[in-house]
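There are 2 protein chains.
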Amino acid sequence: MAQQKPSIPKGTRDFSPAEMMRRQYIFDTIRGVFRTYGFAPLETPSMENLSTLLGKYGDEGDKLLFKILNSGDYAAGLSGDEVRQASKICEKGLRYDLTVPFARYVVQHQGELTFPFKRYQIQPVWRADRPQKGRYREFYQCDVDVIGTRSLLCEVELVEIVERVFRALGIRVALKMNNRKILFGIAEAIGHADMMMDITIAIDKLEKIGLDNVKAELLERGLSREAVDKLQPILELSGDNAQKLMKLREVLAVSETGLKGIEEMETVLGYVERLGIGLDVELDLSLARGLNYYTGAIFEVKALDFAIGSICGGGRYDDLTGIFGMPDMSGVGISFGADRIYDVMMGLGLFPEEVNFSTRVFFTNLGQEEQAAALGLLRELRDAGVAAEIYPDCGKMKKQMEYANRRGIPYVVIVGSQELEAKAATVKDMRSGEQRQVPFGELTAYFK
Amino acid sequence: MAQQKPSIPKGTRDFSPAEMMRRQYIFDTIRGVFRTYGFAPLETPSMENLSTLLGKYGDEGDKLLFKILNSGDYAAGLSGDEVRQASKICEKGLRYDLTVPFARYVVQHQGELTFPFKRYQIQPVWRADRPQKGRYREFYQCDVDVIGTRSLLCEVELVEIVERVFRALGIRVALKMNNRKILFGIAEAIGHADMMMDITIAIDKLEKIGLDNVKAELLERGLSREAVDKLQPILELSGDNAQKLMKLREVLAVSETGLKGIEEMETVLGYVERLGIGLDVELDLSLARGLNYYTGAIFEVKALDFAIGSICGGGRYDDLTGIFGMPDMSGVGISFGADRIYDVMMGLGLFPEEVNFSTRVFFTNLGQEEQAAALGLLRELRDAGVAAEIYPDCGKMKKQMEYANRRGIPYVVIVGSQELEAKAATVKDMRSGEQRQVPFGELTAYFK
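Top line first, the protein sequences correspond to chains E and S.
Be aware that the first sequence starts at 1, since it is given in the UniProt record's numbering, and climbs by one per residue.
Be aware that the second sequence starts at 1, since it is given in the UniProt record's numbering, and climbs by one per residue.
As structure tokens, then:
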């Protein structure tokens, strides 16, 4: 039988060892910061009941859910027409994000949890999106949320986490912040409180399509010319955060909600300054973020030295668990985009050197006696926690050196007959080509 | 609308923070050992093409695959009967194990890989099994394999890995080893080389159903009375490994393959002894393991102090990639069962204390000025890598202490008005109840 070359479904990826080591470095760094802030890990199943997922991501989102065929005789007792309905033959779907499963978890386990509940979650999600450059059907999300408190200290903590993660990764970033209450206040101030979402969606495009096009879109969406004129100075606000907030305070004087938003923003910015968090935080009124459930602060992080979309974002939501019948649980969270962070780090060459190899020390395998000596030394190195290996087959030096070279292993320890006699190994630095003799008894210390 | 309490699909699990911290401890320990041995991480997609998965796990396995409904209009242009065929409406399935995706990866990427290729892979797999105690529809596997060499040093390395992993976890274990070539030799020696699988399957049940029932089953499967009589002394072999091997050598003298198996076994056991690997390795002829693809050594690990099935197992396969058209790639690997290891560690109380809490130090939040001081100290602790948090809302001490207590946080740092005045925090050890004063300037050093 002629065999086809095997392949994987479109939009999915294999992660090679080289890619995995870099990805693990990102995940470990992010996880380490989450832990330092007292967030605890959570994992939810890859499959959720479709009843949990459907209707939570809009009509478009419903279409992008991967549905799992019921096991066993899924079509038993169904008519042909019924089998054509996915709802009849599928009860489960793959999770689409980590937020809805988190809300489901909190509601389901509310009796066991201590609030405020701080959790992080790093798991893949699946979307049946059309695959394209940088968009995959399976990708990881790294979410961190606290739920069960309205304290703005949580927002401040998230700003700190952003600063610490990207400092650790070596990525220079700017954090843009806005507040949904300010956006609502703006809608109210121009006399269109009912059109907050339309206005927000249009403002969101400011950077992409420019002021004139945003104004045209707003008119199209049914805003009056007068309202659009009122909006213009707000969209053109300039100066530093304090100056923007001062002007906003005038414009939004008529909106209680708007003023509350300004106050929240000032509080968070005040903490950021007093705590000396070394991060450029900018109030950006054009920041809206698509998700409907945000009700307070919204965040977005961009890399300063690499052109790519936002690499981290989030915000406060006052009613995430309401969809599952548990009202009044305010929370705030952010999500790190591992794939984009990976691209930034590759583009800027930010991965540390030790991420480039899985084995640090390689032992040659040149003969019976040589092997026995090498195995003893190898065991010592591993006892000391040094990642090391020996070529499994006894044979020619050249082939073994090629193997070490192709694997990117930085050090080769040669144990041949001369070395046996001298009781000292030849250690070759594969990058510089330098060689030196190291007595067997000192080898572990040499690499530790 | 009355809301149902949300739930998750049967056979799946949420992992709470307490469970996750213990699970991460297991995964981190295993991963750390894999790394020390020069194995590199690999990840493959959760979904594979059904053509990759089908026919690889037997008829029973095919039925247990979770199939994913094609996205978009999956039934377009299909007749009712066609829609009833899963093969028409599903092209993808969730991976069933990590071995087949690994084989698929090796074949697909053979041009980029350096052989021998050493990889580990820690990812969930899915099986539409009937859920029951200890059997789940989603669970993690932790696999480590080397492919592209017949060197028995690889078997030895796996024995070392087993020893090191369970030593690190504190689980006392015994490793049972057998060799498929010996099992074949036995079948050959009793004149039923063609019935090697039947004999193996029956022998596999020895421990469970006893010698008499195994003999009855063999007769039923078509073995002659004479052959069964010949088999009996082999099944009853006793003594240490050397004694068993010596007797086997006589019985299997007629079988070239059998003798090869004995030689392999002796080689591996010889290395284990010479290297001083402190692990009880026992030759067990009743060890067969179900999987067809093993061709050499087979391994199984059991906990000595806790009654549960095998917690780790594997073996050598000479033709894993043959199913994808790449012949002659010999490899060997083992898989750690994270769920059972978890149960053993819980049962024996083996998790270290630091796995029990996500936050080590908790700061009270008792007023404006107190909060400001606490936030500064908190930042210092976090800079030093200590997992710490502050109660996000300013309020009553009692509620905050309760929160710290319920979270299992071992240290509470109280910063009240007295402490502000004294410039020294009150540190309470939540387990002993002891309190002491620590000057603000010494707090970080105190916890580091």
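Built from N, CA and C at the ideal position, the CB exists for glycine as well.
How about residue i and residue j: are their beta carbons less than 8 Å apart?
| i | j | result |
| --- | --- | --- |
| Met21/E | Ser358/E | yes |
| Arg316/E | Gly337/E | no |
| Ala189/E | Ser255/E | yes |
| residue 477/E | Phe447/E | Nothing about residue 477/E can be reported from this structure: the residues present for chain E run from 1 to 448 only. |
| Asp280/E | Leu152/E | no |
| Arg137/S | Arg127/S | yes |
| Leu158/E | Ile334/E | yes |
| Leu269/S | Arg379/E | no |
| Leu348/S | Asp383/S | no |
| Tyr403/S | Thr114/E | yes |
| Leu237/E | Lys244/E | yes |
| Val412/S | Lys428/S | yes |
| Leu259/S | Ile186/S | no |
| Thr364/E | Ile414/E | yes |
| Leu98/E | Gln141/E | yes |
| Val125/E | Phe139/E | yes |
| Leu53/E | Val100/E | yes |
If we ignore side chains and look at the alpha-carbon of each, how far apart do residue i and residue j end up?
| i | j | result |
| --- | --- | --- |
| Met1/S | Lys88/S | Because the pLDDT of Met1/S is 42, which lies under 50, any placement of that residue in the model is unreliable, and the number read from its coordinates should be weighed accordingly. One C-alpha to the other measures close to 38 Å. |
| Glu220/S | Ile199/S | 11 Å |
| Arg249/S | Thr257/S | 11 Å |
| His192/S | Leu231/S | 11 Å |
| residue 459/S | Gly309/S | The first residue shown for chain S is 1 and the last is 448, placing residue 459/S beyond what the model contains. |
| Asp73/S | Ala75/E | 17 Å |
| Lys10/E | Pro131/E | 7 Å |
| Leu183/E | Gly61/S | 55 Å |
| Val83/E | Arg84/S | 7 Å |
| Met430/S | Ala202/S | 56 Å |
| Lys181/E | Tyr96/E | 27 Å |
| Gln437/E | Ser330/S | 36 Å |
| Leu223/E | Asp318/E | 28 Å |
| Leu443/S | Lys398/E | 57 Å |
| Leu381/S | Gln435/S | 19 Å |
| Gly416/E | Arg407/E | 22 Å |
| Arg167/S | Asp28/E | 24 Å |
| Met246/S | Pro392/E | 28 Å |
| Lys63/S | Met196/E | 51 Å |
| Thr149/E | Asp81/E | 48 Å |
| Pro45/S | Lys133/S | 28 Å |
As a quick exercise: from the options, pick the residue whose alpha carbon is nearest that of residue i.
| i | options | result |
| --- | --- | --- |
| Gly376/E | Gly408/E, Gly313/E, Lys92/E, Gly441/E | Gly441/E |
| Asp18/S | Ile30/E, Leu42/E, Ser7/E, Asp14/E | As written in the sequence, residue 18/S is Ala, which differs from the Asp given in the question. Nearest option by C-alpha distance: Leu42/E. |
| Ile122/S | Gln108/S, Ala103/S, Val144/S | Val144/S |
| Phe117/S | Glu273/S, Phe102/S, Gln371/S, Leu94/S | Phe102/S |
| Met401/S | Ile30/S, Val361/S, Glu266/S | Val361/S |
| Val173/E | Val146/E, Gln141/E, Glu226/E, Gly313/E | Gly313/E |
| Arg420/S | Leu366/S, Asn405/S, Met397/S, Arg431/S | The identity of residue 420/S in the sequence shown is Leu, whereas the question assumes Arg. Here the closest residue by C-alpha is Leu366/S. |
| Gly325/S | Arg23/S, Tyr105/S, Glu163/S, Arg95/S | Tyr105/S |
| Ile147/S | Gln437/S, Pro327/S, Asp97/S, Lys205/S | Pro327/S |
| Ala242/S | Pro233/S, Gln435/S, Asp129/S, Ile262/S | Ile262/S |
| Ser7/S | Ser51/E, Gly222/E, Ala425/E, Met265/E | Ser51/E |
| Glu160/E | Val33/E, Leu53/E, Gly433/E | Val33/E |
| Glu353/E | Leu169/E, Arg135/E, Leu78/E | Leu169/E |
| Gln24/E | Ile390/E, Pro439/E, Asp339/E, Ala373/E | Asp339/E |
Just to check my reading of the structure: residue i and residue j have Cβ atoms closer than 8 Å, yes? What is that Cβ distance to the nearest angstrom?
| i | j | result |
| --- | --- | --- |
| Gln418/S | Cys394/S | Rounded, the Cβ-Cβ distance is 17 Å, inconsistent with contact. |
| Tyr293/S | Leu320/S | 6 Å |
| Leu350/S | Asn178/S | Between Asn178/S and Leu350/S the Cβ distance is about 28 Å, and since that is not below 8 Å, they are no contact. |
| Ile30/E | Val165/E | 6 Å |
| Tyr271/S | Val156/S | 4 Å |
| Ala288/E | Asp204/E | 4 Å |
| Ala445/E | Gly38/S | About 20 Å separates the two Cβ atoms, so there is no contact after all. |
Say the cut is 7 Å; is the CB of residue i nearer than that to a heavy atom of the ligand ATP?
| i | result |
| --- | --- |
| Asp305/S | For the structure depicted, the ligand ATP is absent and the ligand set is empty, with no information on it obtainable. |
Three or more C-beta pairs closer than 8 Å, one from the stretch 90-110 of chain E and one from the stretch 63-72 of chain E: is that the case here?
yes
Measuring CB atoms only, is the stretch 207-227 of chain S touching the stretch 298-312 of chain S, in the sense that at least three cross pairs come out at less than 8 Å?
no
Flag this pair as touching only if the stretch 102-112 of chain E and the stretch 8-16 of chain S have three or more C-beta atom pairs under 8 Å; answer yes or no.
In short, these stretches touch, since the Cβ pair count reaches three.
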